[in-house]
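One gets my numbering by counting positions in the sequence shown from 1 and adding 110 to each.
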Amino acid sequence: MKMGGNGENSRLERAPHTAPPFTLSQLKKAIPPHCFNRSLLHSFSYLLQDLFFASLFYYVATSYFYLPHPLPYLAWPLYWIFQGIIFCGVWVLGHDCGHHSFSDHQWVDDMVGFVIHSAILFPYFSFKYSHRFNLAGRPYDRFACHYYPYSSLYLNSERLHILISDFGLLIITLVLYQLGSTKGLSWVVFMYGMPLLIGNSILIVIAYLNHTHLALPHYDSSKWD
111 MKMGGNGENS RLERAPHTAP PFTLSQLKKA IPPHCFNRSL LHSFSYLLQD
161 LFFASLFYYV ATSYFYLPHP LPYLAWPLYW IFQGIIFCGV WVLGHDCGHH
211 SFSDHQWVDD MVGFVIHSAI LFPYFSFKYS HRFNLAGRPY DRFACHYYPY
261 SSLYLNSERL HILISDFGLL IITLVLYQLG STKGLSWVVF MYGMPLLIGN
311 SILIVIAYLN HTHLALPHYD SSKWD
């Protein structure tokens, strides 16, 4: 239910109301085979594009934002928004690495995903291994922590990778600490913290609209092929 503009409740309809008239395998067969090719060159072009724009926005912010009052109050939010969008794009690339859709080589996907997700303080392997259970739905007999290698989220064979994810986050945290010590906390917040906040906010909206919005159809196991 949702509240209408006149104060009355109206039903929020799901779309579609019924399961689609085709199976998942039929949908895959309808897609041309070349669409499933994972081009390493094509994937890296997206990564290089994001890195280029991130560097460009950083350069502009550090070189040209010494503006007369009150222009900085406009310039900084613009930087945070644009850089936050890039951070979101970097997260999506790491997400694709976790789904092994970046390249045909798992080690390349894991290396790239680990580096770029760690750079935005996101635990790559922790998300990669827990994501499958999050989407499928699974009860936990105790507190489930993404950073704890012995969490019920993970299999025994995955625990070393969780430590590696934690180590990556520790390295980035130490780098940020050193930057804060030399350039000041406000510099770290303005150049990195606010774009990270914007990027994560965009991700929350994306996840909500893709997975949990009330208008989305949610099918039980009997509806999946």
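Even glycine gets a Cβ: it sits at the ideal position worked out from N, Cα and C. Only a predicted model underlies this, so the values are computations on that prediction, with no experimental measurement involved.
Check                                                                                     : Outcome
Span separating the alpha-carbon of ALA325 from that of SER261                            : 33 Å
Span separating the alpha-carbon of PRO178 from that of LEU306                            : 26 Å
GLY208 and TYR234 closer than 9 Å at C-beta                                               : yes
7 Å CB neighbourhood of GLY117 in its chain, flanking five on each side removed           : Residue placement at GLY117 is poorly supported in this model, since its pLDDT is 49, which falls under 50; the coordinates still yield a value, given next. So the list is empty, once near-sequence residues are dropped.
Buried versus exposed, by CB contacts within 10 Å (16 or more), TYR239                    : buried
Alpha-carbon spacing of ILE196 relative to LEU188, whole angstroms                        : 13 Å
Run of the alpha helix (DSSP H) containing VAL315, from where it starts to where it stops : 304-317
N- and C-terminal bounds of the alpha helix (DSSP H) containing THR292                    : 269-293
PHE163 to SER149 span [Cα, whole Å]                                                       : 22 Å
Separation of ILE314 from ARG269, as counted between CA atoms                             : 27 Å
Proximity below 9 Å, CB of HIS227 to CB of GLY303                                         : no
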